[in-house]
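S.K.:
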Amino acid sequence: MATIDTAAALEPVPGNPYLLGPYAPISGEMTAELLAVTGVLPPGLDGTYLRIGPNPITPPNHGTYHWFAGDGMIHAVRIGDGKALWYRNRYIRSKRVSAVLGEPQVPGPRHDRGDNVNTNVIGHAGKILALIEAGGFPVEIDSLLGTTAYTDLDGTLRLGGFTAHPHLDHDSGELHAVCYNGGNREFIRHVVVGRDGRVRREVKIPVPDGPMIHDCAITARFVIILDLPITFSIAAARAGMSMPYAWNTAHPARVGLLPREGSAEDVIWCAVDPAYVFHPCNAYDLPDGQVVMDVSVHDRLFVAEGSETPGGSIVTFERWICDPRTQRVERHVIDTVPQEFPRCDERLTGQPYRYAYTVSLDEGRSAPGDVCGVFAHDLQEGTRTSHDFGAGRIPGEFVFVPRAANAAENDGWLMGFVLDTNSDTTDLVILDAGDIARPPVAVVAMPQRVPLGFHGNWVAAG
Numbered sequence: 009m010a011t012i013d014t015a016a017a018l019e020p021v022p023g024n025p026y027l028l029g030p031y032a033p034i035s036g037e038m039t040a041e042l043l044a045v046t047g048v049l050p051p052g053l054d055g056t057y058l059r060i061g062p063n064p065i066t067p068p069n070h071g072t073y074h075w076f077a078g079d080g081m082i083h084a085v086r087i088g089d090g091k092a093l094w095y096r097n098r099y100i101r102s103k104r105v106s107a108v109l110g111e112p113q114v115p116g117p118r119h120d121r122g123d124n125v126n127t128n129v130i131g132h133a134g135k136i137l138a139l140i141e142a143g144g145f146p147v148e149i150d151s152l153l154g155t156t157a158y159t160d161l162d163g164t165l166r167l168g169g170f171t172a173h174p175h176l177d178h179d180s181g182e183l184h185a186v187c188y189n190g191g192n193r194e195f196i197r198h199v200v201v202g203r204d205g206r207v208r209r210e211v212k213i214p215v216p217d218g219p220m221i222h223d224c225a226i227t228a229r230f231v232i233i234l235d236l237p238i239t240f241s242i243a244a245a246r247a248g249m250s251m252p253y254a255w256n257t258a259h260p261a262r263v264g265l266l267p268r269e270g271s272a273e274d275v276i277w278c279a280v281d282p283a284y285v286f287h288p289c290n291a292y293d294l295p296d297g298q299v300v301m302d303v304s305v306h307d308r309l310f311v312a313e314g315s316e317t318p319g320g321s322i323v324t325f326e327r328w329i330c331d332p333r334t335q336r337v338e339r340h341v342i343d344t345v346p347q348e349f350p351r352c353d354e355r356l357t358g359q360p361y362r363y364a365y366t367v368s369l370d371e372g373r374s375a376p377g378d379v380c381g382v383f384a385h386d387l388q389e390g391t392r393t394s395h396d397f398g399a400g401r402i403p404g405e406f407v408f409v410p411r412a413a414n415a416a417e418n419d420g421w422l423m424g425f426v427l428d429t430n431s432d433t434t435d436l437v438i439l440d441a442g443d444i445a446r447p448p449v450a451v452v453a454m455p456q457r458v459p460l461g462f463h464g465n466w467v468a469a470g
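Take the sequence shown: its letters are residues 9 to 470, numbered as in my numbering.
1. Using C-beta distances below 7 angstroms, list every residue in its chain close to Arg4, excluding the 5 sequence neighbours before and after it, in chain order.
2. Within 8 angstroms, do at least three Cβ pairs link the stretch 345-358 to the stretch 283-301?
3. In three-state DSSP terms, what is Val345?
4. Output the distance between the C-alpha atoms of Asp162 and His198, rounded to the nearest integer angstrom.
5. Runs of 4 residues minimum, wholly inside the stretch 391-453: which ones carry the alpha helix (DSSP H) assignment?
6. Let's test the definition: count the other Cβ atoms within 10 Å of the Cβ of Gln388 and tell me whether it reaches 16, buried, or not, exposed.
7. Here's the rule I'm using: 16 or more other beta-carbon atoms within 10 Å means buried, otherwise exposed. How should Thr56 be labelled?
8. With a threshold of 8 angstroms, are at least 3 pairs of Cβ atoms found where one atom belongs to the stretch 126-139 and the other to the stretch 198-208?
9. Tell me which residues share the same chain as Ala468 and place their Cβ nearer than 6 angstroms to its Cβ, disregarding the 5 neighbours each side in the sequence.
10. Going by DSSP, name the residue or residues bridged to His340.
11. Write down the C-beta distance between Val323 and Val305 rounded to the nearest angstrom, noting that I regard them as a contact closer than 8 angstroms.
12. Counting pairs of Cβ atoms below 8 angstroms between the stretch 357-365 and the stretch 224-232, do you hit three or more?
13. Could you tell me the boundaries of the alpha helix (DSSP H) in which Ser106 lies?
14. Go ahead and label Pro174 buried or exposed: buried means 16 or more other beta carbons lie within 10 angstroms of its beta carbon, across all protein chains shown.
15. With DSSP as the reference, label Leu27 as helix, strand or coil.
16. Give the straight-line distance between the Cα atoms of Pro267 and Thr171, rounded to the nearest whole angstrom.
17. Only counting runs of 3 or more residues, tell me where the beta strand (DSSP E) segments fall wholly within the stretch 59-93, in order along the chain.
18. Do you know offhand how far Val231's Cα is from Leu265's?
19. How big is the Cα-Cα spacing for Glu37 and Asp79?
20. When burial is assigned at 16 or more other CB atoms within 10 Å of the CB, is Leu294 buried or exposed?
21. Helix, strand or coil for Arg373? Go by DSSP, reduced to three states.
22. For the alpha helix (DSSP H) that contains Ala244, what are its first and last residues?
23. Can you tell me the Cα-Cα spacing of Ala453 and Pro410, whole angstroms?
24. Would you identify the three-state DSSP class for Asp274, choosing helix, strand or coil?
25. In three-state DSSP terms, what is Glu37?
26. Using 8 angstroms for Cβ pairs, my map puts Ala138 next to Ile221. What's the rounded Cβ distance?
27. Under 7 angstroms between the Cβ atoms of Ile438 and His395?
28. Closer than 8 angstroms by C-beta to Lys103: which residues in its own chain qualify, once you throw out the five before and the five after it? Chain order, please.
29. Should Asn128 be labelled buried (16 or more other beta-carbon atoms within 10 Å of its own) or exposed?
30. Can the beta-carbon of Glu338 be found less than 7 angstroms from the beta-carbon of Val367?
31. Going by beta carbon distance, what residues of the same chain come within less than 7 angstroms of Ser250, once the five residues before and after it are set aside?
32. Any idea what DSSP makes of Glu354, helix, strand or coil?
33. Spell out the partners DSSP gives Phe383 in its beta bridges.
34. Under 6 angstroms from any heavy atom of the ligand MN, does the C-beta of Leu28 make it?
35. Strictly by DSSP, which residues pair up with Glu210?
36. Would you identify the three-state DSSP class for Thr155, choosing helix, strand or coil?
Following this line, the structure appears as C-alpha cells:
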C-alpha cells in the first residue's frame, strides 16, 4: 500500500471541471476495516463491490487534461456475514504510477501509446480484470486490489488490446467485445473470450475514420456495433489533447449487426440519425427478425475539436429498433429526462427483459456531476420509479445484484457509491431493486471521499 502524500500536489487546478469538486482527486491509498453500517446488510450478499475511475497521481496539465485520461484507481468494499468487512483503494500500477511510487514495474504487455487503465472492472474466469478501451490491455487484480500483471489473456489476445465493456452471455459463459485501437483508424475487432479466460475468436471489421466505440451489445443472433460520429481527430492529437476525439459530421452514423459467428462481410449496417451512445442497457431479437436495443443517447458530443468537456448535449433514454431488411434504425423515446449509466439484470443480457436502471441527470445536462437520482424503468408497463438522494448527493452508476442465483428479474438489490458534496463524504448505498423509492436497505460509510468515477460491478465470493 502506497503511503506517499500527494495532497499538496493534487490541489484542484482552477478552470478544469474534472479537477474540481466531486471530481477532485484524493491522495494516497488506504485500508479500513469493519465499516459503519446504517440499516441491515442483506445476509445473502457475499462478495466485493468494485468501482474504478480516474485519479491523477501527479498534477496534470489543466488545459489538456480530460476525465477519461486520469490514472486508474479502484475503490472496493468487501461484504460478508452481514458486515462491511473492509474498504480499500489502490492505483492500477501503470509504468507511470509505479515510477511515481518508486515501485518495480509489474509484468505484462503494454499498448505503445500508454498503459493507463481506468474505465471498468469485472470478474471473469476466476480473475478480476481492470479494463480500458482504445487498445489497452486488461490488468489482473488480486482480491486485495494489488496489480498482478497486464495480460494478453495467456497469449490469445493477438491483434491488439481489449475493451472497457465486454458483455457476458450467461448461457455460453463467453464474453463478447467490440474493440478499437487508438493507433489504428482502419478496423475494429470482434473478440470472444471463453469461460476459461482465453480468446477463441478475433475478427477484424473495416471501419473508416477511427470511431470511438465505447460499448457494444449482444443478442442471441448478433453482436451490435455502434459506429457513430465521434472519431479520431488529428487536430486534437496535434494540440496535445488527452482525449483526441471530436464530433465528425462527415462520418455516417450506423449500427452494425454482426452475426455472432460471422465475418466482416456478414455485417448488416443500419443507418441511424446522427447521435452518440456511450452505453446500451440491453438488446434482444424480435420474432420478426428485428433487433431491439435500449440506449442512453447524446444528441452530440465533443463538437469543438479537442474539446475536453463532453457536457452540453441533450441526453434521452431511447429504444432503437434495427431492421436488417430495410437497414434502418427507428428511434423511440422511452424517457426524455436525461439519464446515463443504464444497467439491467445481466443474467438477461441479450434476451428480452423488463427492468432497466439508470442514473438521472439534471435537465439539459449530460455530465455525471449533474446527477440527481436513480431511476428504475418498468419497460413493459412504461413506468418509472425514482430514488432521490437529496440535495448535493451525487450517485454514480448503480449495479443490480440478484437476491439469489435463481431469483426473478428485479428481485435483488441496486448498489453504488453516493458522494455527498455537503460533507465531502461518500457512502455505498444499497436499495431494494423492487421498490427503489423506499429508504435504503443499508448505507455503508466510506472512510474517505470517493471521487466520481466510471464503472463498477459486484463480484461474488468464490
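Glycine included, C-beta positions come from ideal geometry on N, C-alpha and C.
M.R.: Taking the definition as stated:
1. Residue numbering for the chain in the displayed model covers 9 to 470; residue 4 lies beyond these limits and cannot be assessed.
2. yes
3. In the three-state DSSP reduction, Val345 falls in the coil class, being neither helix nor strand.
4. 18 angstroms
5. none
6. Exposed, since its Cβ has fewer than 16 Cβ neighbours within 10 Å.
7. buried
8. Counting Cβ pairs under 8 angstroms, three or more are found: they touch.
9. Gly55
10. Arg327, per the DSSP bridge assignment.
11. 7 angstroms
12. yes
13. Lys103 to Leu109
14. buried
15. DSSP places Leu27 in helix when its eight states are reduced to three.
16. 19 angstroms
17. 80-88
18. Between Val231 and Leu265, the C-alpha separation is close to 6 angstroms.
19. Between the C-alpha atoms of Glu37 and Asp79 there is a straight-line separation of about 13 angstroms.
20. Exposed, since its Cβ has fewer than 16 Cβ neighbours within 10 Å.
21. Its pLDDT being 45, under 50, Arg373 is placed unreliably by the model, and the measurement read from it follows with that caveat. Reduced to three states, the DSSP call for Arg373 is coil.
22. Ile242 to Arg246
23. 23 angstroms
24. helix
25. Taken through DSSP and simplified to helix, strand or coil, Glu37 comes out as coil.
26. Actually they do not touch by this definition, with Cβ atoms about 19 angstroms apart.
27. no
28. Gln113, Arg118 and Asp123
29. buried
30. no
31. Thr72, Tyr73, His74 and Ala77
32. helix
33. Thr366 and Ser394
34. Looking at this structure, you won't find the ligand MN or any other ligand, since it has none at all.
35. Val199
36. strand
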